[in-house]
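Here is the structure we will look at.
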Amino acid sequence: MTVLVTDDQDDPIPTKPLSDLAGITMEAEGLERETVVALSLVDVSRMAVLNETHLGKTGPTDVLSFPIEDAIPGDPPVQIVGGPPVHIGDIFICPEIVKANALSQEMSFDEEMSLMVVHGVLHLLGYDHVDDADAELMEGRERTILEAAGRVRT
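All you need for this note's numbering is the position in the sequence shown, starting with 1, plus 10.
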């Protein structure tokens, strides 16, 4: 697994725990070793632009995921033998929004950030929360992965 992390904020945060958790999530979903995901930490203004440009929504959000291909939950992309690594997509997280959400939900920043990483990777793999059944499936995978990674939400 390769997780390419960039931190474009004025106040950088440690990225190795995020990269490790993205890798754990990909492994938990059955992805092959030669899989690549890009994870970018961005400020509020950049996230607002991304949200407006790609989703038509005004203002920033906590996490956005842009999969390379449509995926089906539980059916990970397969690397072609001898082929290049499979790039599953890009995730953008806004730590300032994550911090505000953590405070409003009485969570630690690390817990909420961990959830956003797992949430973002799962979106790349076809999980969604458009309806109650999809949300329940996605939230169940999030809990399972966070527990397995020792990042249980309290």
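C-beta: ideal position from N, C-alpha, C; glycine also.
Using the C-alpha atoms, what's the distance from residue j back to residue i?
i	j	result
residue 82	residue 70	27 Å
residue 34	residue 114	27 Å
residue 21	residue 14	19 Å
residue 120	residue 80	29 Å
residue 60	residue 94	28 Å
residue 109	residue 124	12 Å
residue 146	residue 137	10 Å
residue 24	residue 16	11 Å
residue 58	residue 68	7 Å
residue 140	residue 148	10 Å
residue 56	residue 112	20 Å
residue 64	residue 150	27 Å
residue 143	residue 18	35 Å
residue 154	residue 62	32 Å
residue 90	residue 11	15 Å
residue 118	residue 54	20 Å
In terms of alpha-carbon separation, which member of the options lies closest to residue i?
i	options	result
residue 77	22, 160, 96 and 51	96
residue 98	44, 156, 31 and 20	44
residue 92	129, 42, 60 and 138	42
residue 102	90, 47, 136 and 143	47
residue 73	66, 100 and 85	100
residue 27	19, 150, 137 and 126	126
residue 128	39, 67, 54 and 107	39
residue 158	123, 68, 16 and 31	31
residue 161	122, 146 and 150	122
residue 85	141, 139 and 37	37
residue 3	154, 142 and 130	Residue 3 cannot be examined here, being either before or after the span of the chain that is shown, 11 to 164.
Is it right to say residue i is buried, meaning 16 or more other beta carbons lie within 10 angstroms of its own, or is it exposed?
i	result
residue 87	buried
residue 50	buried
residue 105	buried
residue 52	buried
residue 107	buried
Which whole-angstrom value describes the C-beta separation of residue i and residue j, a residue pair presumed to lie in contact below a C-beta threshold of 8 Å?
i	j	result
residue 156	residue 75	Incorrect: roughly 17 Å between the Cβ atoms, too far for contact.
residue 132	residue 116	24 Å between Cβ atoms; not a contact.
Which runs of the alpha helix (DSSP H) spanning at least 4 residues fall entirely within the region 87-141, listed in chain order?
-> 105-114 and 119-134, all fully within the region 87-141.
Those runs of the beta strand (DSSP E) which lie wholly inside the region 35-92 and span at least 3 residues | 45-51 and 73-77
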